[in-house]
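Numbering (my numbering), first residue to last: 11 to 337.
Idealized CB from N, CA, C, for every residue including glycine.
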Ligand SMILES: NC(=O)c1ccc[n+]([C@@H]2O[C@H](COP(=O)([O-])OP(=O)(O)OC[C@H]3O[C@@H](n4cnc5c(N)ncnc54)[C@H](OP(=O)(O)O)[C@@H]3O)[C@@H](O)[C@H]2O)c1
């Protein structure tokens, strides 16, 4: 099969379209002909050799896909050849074909194209895992989401709204702020360090219950000042740096603050299956009604993968960048 492969680690020029042996499904797996896959920040890191795939996963980049089932393993009962599906992957999305545990798959709603299907799994399940499972989101909570116009941010804003909670998001441009408002964000701050003052004003000095943080070090001080008594800071990325100094442990104790690190990719397969099935049951119906939607910024032909990576590195996208896989 064809796949986007890497020639060592480094810049976008290490990516090329080449040939790779086709995967063979195990008895509890299906083989999917991929129609579309999506970029994630982790792909950029993996390309540079900074984020290796988990043990046992293919070295082909790509954390999600949408496509059509082409072959089913002997023990698979709930899917058939021709079904349209999408899912998380531990890797292997930048390819014509991939094998996936049958229980990890979700049905692509008929109302959605394959491009839209490819734009759901990674960002929505990241948002769902962190807001609902880890954060215990309820309609009484206020959540601060950084990088609101990112793939994860646009999903988080919509899930928070869907669950009746209040969102405050940060972005770094006016255009992105407008977009987040149109998605249903309650308050949008054009972000820079120093946002904690506005957060305290907006919350009667209580602070927010949850912070979904993909920025890390550069927002650390403001995050600590912005969080409420008993609040939770969920760290999912370090785009603004990964090391902080002066961690005020006594402050954490006095204000009962939890700091949680979280990674979807390294969750055990069983947990990813539980998460996907719960999401399919509770949230997928809202994609049919339009209450939840995919946010697709640009669709690239997969031969233009280098250009797509450069585009993400420039922080220009609002929502997802898709690669269309042509066989
Ligand atoms: N832990 C997990 O399980 C998990 C899973 C998926 C994603 N993530 C993380 O979630 C984050 C978003 O991923 P994505 O794929 O949705 O990204 P994305 O769509 O590429 O969006 C990233 C956006 O973050 C903002 N940004 C970049 N550098 C920043 C900085 N130093 N300070 C503040 N904002 C910055 C930029 O928007 P502005 O123009 O608004 O600044 C950029 O467009 C990444 O950190 C990724 O690693 C974690």
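Distances taken from the Cβ of residue 272 to the heavy atoms of ligand 1 include one shorter than 7 Å. In this model, residue 35 and residue 300 are separated by some 34 Å (Cα to Cα). Sequence-distant partners of residue 250 (beyond 5 residues in either direction) whose C-beta falls short of 8 Å from its own C-beta, in its chain, are 225, 226, 227, 228, 229. Counting only the Cα atoms, residue 22 lies some 43 Å from residue 213. Counting other Cβ atoms within 10 Å of its Cβ, residue 304 reaches 16 or more and is therefore classed as buried.
Residue 244 is positioned such that its CB atom lies no closer than 8 Å to that of residue 217. In the DSSP assignment, the residues bridged to residue 111 are 39. In the three-state scheme derived from DSSP, where H, G and I count as helix and E and B as strand, residue 331 is classed as strand. The region 71-81 and the region 126-143 touch, with three or more beta-carbon pairs separated by less than 8 Å.
In its chain, beyond the 5 residues on either side, 109 have a beta carbon closer than 6 Å to the beta carbon of residue 33.
Not one heavy atom of ligand 1 falls within 7 Å of the beta-carbon of residue 75.
Residue 149 has its CB no nearer than 7 Å to any heavy atom of ligand 1.
Secondary structure at residue 336: coil, using DSSP grouped into helix, strand and coil. Listed as beta-bridge partners of residue 105 by DSSP are 13.
The three-state secondary structure of residue 52, taken from DSSP, is helix.
Residue 281 carries a helical assignment under DSSP once its states are collapsed to helix, strand and coil. The region 196-213 and the region 176-184 touch, with no fewer than 3 CB-CB distances between them shorter than 8 Å.
Proximity of the beta carbon of residue 225 to ligand 1 is indicated: a heavy atom of the ligand is located closer than 7 Å. Going by beta carbons, residue 14 and residue 27 fall inside the 8 Å limit.
The secondary-structure analysis by DSSP pairs residue 311 across a beta bridge with 334. Under DSSP, residue 116 forms a beta bridge with 96. Residue 235 and residue 170 have their C-alpha atoms some 22 Å from each other.
Of the residues 104, 62, 266, 12, the one whose Cα lies closest to the Cα of residue 47 is 104.
DSSP, read as helix, strand or coil, puts residue 238 in strand.
Within the same chain, and ignoring the five residues on either side of residue 147 in sequence, the residues whose Cβ sits closer than 6 Å to its Cβ are 141, 173, 175.
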